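Right, one structure below, let's go through it.
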Amino acid sequence: MDFKEKWLKNIILACAFLVLLTPMLVSVKLVSDLTVVRASYFYGVVSVMSLAWVLLALANNEYRLKIGHPVALTLTGFTLILVVNLFISIDPLTSFWGTKERMMGVLSYIFFWLLFSSLVSVFKKKDWLILLKTSLLISVMFSLKSISDWSGAQMILNNDHRFGSVFDNPLFFAQYLLPHFFLSIYFLIKEKIWQNRLILSISSLITLFALFLTVSRASFLASLTAGILETIFLVFEEKKPRKQILVGALILIVVLSISSFIVMRVPNIRSQLEPNASYIIKRIYYSDKNQDRFFSWKVAGEAFLEKPIFGFGHNTFSPVFDKHFTTNIGGVYLNEPWFDRVHNGMLEILVDLGLVGFVFWVLMWSSIISTLFYHSEKQTTKHDRLATRLLIILFIASLVQLFFLFDLFSSSITLYVLFAYSAFLTKDVELKNITSAVNFEFPQLKLRLVHFISAGILLIPIQLYLCIYPYQTVIAGSEAIILIRKQSGGALNFVEQAVKHRSFVTADVMSNIFIELRASEKKEQRHSPESEQILKIVTTELEESATEHPNNYRINYSAGSAFELLSYYDHGYLLKSEQFSNYAKLLAPNRPESYVTLGDIELARSNPEQALTYYQTAMDRLPAFSRTFYEQRVALEFQYVLAYASMSEFEIAFKKLHKIEEMGLLVNGDARLLPILAERYKKGDHDTEILDYTVKTMSSFQTNTQVLRAGTAIFNEARESFAVNKALEMLIEVDVEEANNLRTELGLE
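Residue numbers (my numbering): 442 to 1190.
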């Protein structure tokens, strides 16, 4: 090995270890958006690794990908299917990039393939042992963090029963831990030095306990399946029936004894488990028809029948779910109003890629399991056979888990590393006819293919540069949201930074900024020049994103709702709001959100009767069994209050308002209602409850200019001079100029 070759190989080795650190990237400010940061880092590291691999492969044929291997062939075929499917996707941009929460677009799968190809082509046995044991070490560190959270004050503070370590969701952590647990058992079987076996035993127990704390039913089912298979392998490894029974009974006794000893003899564990045991058991057992993911499975089944051959396109379940959404959910208790994933890997492949993609997906998994099984049969010692079969169990368990979850970024990195390791172990297994055809019948085609792939990989640094933009957008957007929540000003600067370079995350970031603005602009009626400028930027970006994603209901609905909010500053924007909301209604006629926006538009146009019609249509589309939709139902009830108040139907309005307050909501009033009451009061529509509501609302919104103006006008109309003076004093403390203008308007000078 010459110096250049050694140098390139060391780069690949270093990058492989850096890839394992991807889940370690954490941030206090970026919780749900951390995947963008991790993906950008991963793309960068794998780009360098792939470039080094291509240069190494061009210099030495030994390091070229053996495409004749079944795993390499099927995995490459599945990746190509994803790429080809982009051309028929209903949302090609989302299919390519993915969403900022998941980052599982076609681009990520291309980088996973590059990771696989680099590792399987370059790594030797010693390299694999170091890499996989390093991955185990990192997983143990994450597990210890989870156990620390469980045993410490965080459980008391958050009253949380599930722990996800550095992952923002315990289920994501469970998907990451499961293969590492079986990997630790794999090395435990192969290890001969007792000190190392002890360390691996402790590591596996720590990982298993952290996996238990995630309370992931998918992981428990996968572990149960794996345990049954492992027991079968161990039992039938013995030739004599008496020994088979003895081994099976011994395994059961050992597992039960160790578990009982830990629970009964370790006070800290027992004291923590007892109060949460019922919750954990219920969650593991509870999987009946009331689980909302079964509703998403039902939608996925209907969608698959609509386009069974090629599917809708990778990562397009969000618009598919919105299109097939219905209130007839059969008593299912929905926890989430939106679903961007099916929560079933098999169904998701069928919806996204159709039967064509599903066949390649099945071939990929089958090739991995079958080649390992073939390899295990060739092993001469019992330990080697059991260790290899444990790898088979690892992949089967991951597959079982995938039937109840979906592919995730950090866990997919681990999975593709293990795919590469399985291909390395079974490198003697090849499809001879394919290999010979490529090597001898089409030599020029093979050479051109290598050059084509090489040229494509050399362009990856340019792609990496493009991946920096999403990271910048997410960071700036998160800063803007924090400042909007604090109402401290300065958010405009970060919003401008967020839109400096458009990327695939722009629409999501702008939608999140809009949601934060809506909370202060609508409920609290806090209008400001900065908010207007931010809204103009947000609506412009959402309008462009809606053009890029014409089939995406959420983006079109968000654009319509954002323009409606902007109409507070200029009523001319109501027309655009109406256009986007009507288009969103066509995309998903059974979803309620666009009807609410259309009702708000009519209310702004002083058509409360028409607004009530839209609100009722929205109410009819809200599922009864839903925590999230229950909150939307309450919010919609308040829209009824605004509409009835605009019609001077105060008895109905206050009756509904009191009903909302009895639920423990809006106990401090809502800034939107008071200006309407002031307008009706000025026209002579008096009601005794208006004054009481005015006092309560003003005490809750003492720094809100709109509330203080409306309250002062109502008190002035009611000839409550003391209250008028008090209200003016409060307004002077907030805005002297506004107070003087109001004095002039009311003739109080």
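Glycine residues also receive a C-beta, built at the ideal position from the N, C-alpha and C atoms. Note that the coordinates shown come from a computational prediction; the quantities given were computed from them, not determined experimentally.
Would you grab the beta carbon distance between VAL1165 and THR1153 for me? Rounded to a whole angstrom, and I think it's under 8 Å. 6 Å
Quick check: ILE630 and LEU831, are their CB atoms within less than 8 Å of each other? yes
According to DSSP, simplified to helix, strand and coil, what is GLY1010? Note that residue 1010 corresponds to Tyr in the displayed sequence, not to Gly. DSSP places TYR1010 in coil when its eight states are reduced to three.
Check whether the region 843 to 857 touches the region 610 to 627, taking contact to mean three or more Cβ pairs, one atom from each stretch, closer than 8 Å. yes
Kindly indicate the opening and closing residues of the alpha helix (DSSP H) around ASN1166. 1162 to 1175
Would VAL486 and LEU523 qualify as a contact pair, given that the criterion is a beta-carbon distance under 8 Å? no
Close Cβ partners of VAL797 (< 7 Å) along its chain, the five nearest in sequence each way excluded: ILE522, ILE750 and PHE751
Relative to the alpha-carbon of LEU459, which residue among ILE571, ARG543, PRO511 and TYR910 has its alpha-carbon at the smallest distance? ILE571
Quick one: any contact between the region 496 to 508 and the region 972 to 992, if contact means 3 or more CB pairs under 8 Å? no
Helix or strand or just coil, what does DSSP make of THR535? helix
Once you ignore the five residues that flank CYS456 on each side, which residues in its own chain have a CB closer than 6 Å to its CB? VAL486, VAL489 and MET490
Using a threshold of 8 Å, state whether the C-beta atoms of PHE850 and THR476 are closer than that. yes
Proximity below 8 Å, CB of VAL792 to CB of VAL761: yes
Taking 8 Å as the cut-off, decide whether the C-beta atoms of ALA663 and ALA838 are in contact. yes
Do you know offhand how far PHE653's Cα is from THR757's? 32 Å
Identify, in the order they occur along the chain, each residue of the same chain with its Cβ nearer than 7 Å to the Cβ of PHE881, setting aside the five sequence neighbours on each side. For PHE881, the predicted model reports a pLDDT of 35, less than 50, meaning its position is unreliable; a value from the coordinates is still stated below. There are no such residues.
Considering Cα atoms alone, identify which of LEU1006, ALA1059 and TYR1010 is closest to ASN1031. ALA1059
In the DSSP assignment, find the unbroken alpha helix (DSSP H) run with VAL395 in it and report its ends. Residue numbering for the chain in the displayed model covers 442 to 1190; residue 395 lies beyond these limits and cannot be assessed.
Excluding the five sequence neighbours on either side, which residues of its own chain have a C-beta within less than 7 Å of the C-beta of LEU454, listed in chain order? ASP568
Residue from ASN610, HIS942, PHE945 and LEU933 whose Cα sits closest to the Cα of PHE955: LEU933
Helix, strand or coil at GLU632 [DSSP, three-state]: coil
If I measure Cβ to Cβ from SER558 and keep anything under 6 Å in the same chain, skipping five residues before and after, which residues do I get? LEU506
Is the CB of SER972 under 8 Å away from at least one CB in chain D? Among the chains in the structure shown there is no chain D, since it carries only a single protein chain.
Start and end of the alpha helix (DSSP H) containing VAL950? 947 to 959
Please report the straight-line C-alpha distance between ILE669 and LEU827, rounded to a whole angstrom. 14 Å
Apart from the five residues on each side of it in sequence, which residues of its chain come closer than 8 Å, Cβ to Cβ, to LEU866? LEU813, HIS816, THR829 and LEU832
Between LEU1149 and ALA1168, is the Cβ-Cβ spacing less than 8 Å? yes
Assigned exposure category for SER1022 - 16 Cβ within 10 Å defines buried: buried
Output the boundary residues of the alpha helix (DSSP H) element that contains MET1139. 1129 to 1141
Among LYS447, GLN928, LEU556 and ALA513, the one whose alpha carbon lies nearest that of MET805: ALA513
So what's VAL940 in DSSP terms, helix, strand or just coil? coil
Going by C-alpha distance, which of GLY742, HIS784, LEU573 and SER645 is nearest ARG543? HIS784
Measuring alpha carbon to alpha carbon, tell me which of GLN1143, SER972 and PHE552 ends up nearest MET1171. GLN1143
Where does SER481 land, buried or exposed, given buried means 16+ other C-beta within 10 angstroms? buried
By DSSP, does ALA1151 sit in helix, in strand, or in coil? helix
What are the complete alpha helix (DSSP H) segments, minimum 4 residues, inside the region 982 to 1069? 994 to 1007, 1015 to 1028, 1034 to 1045 and 1049 to 1061
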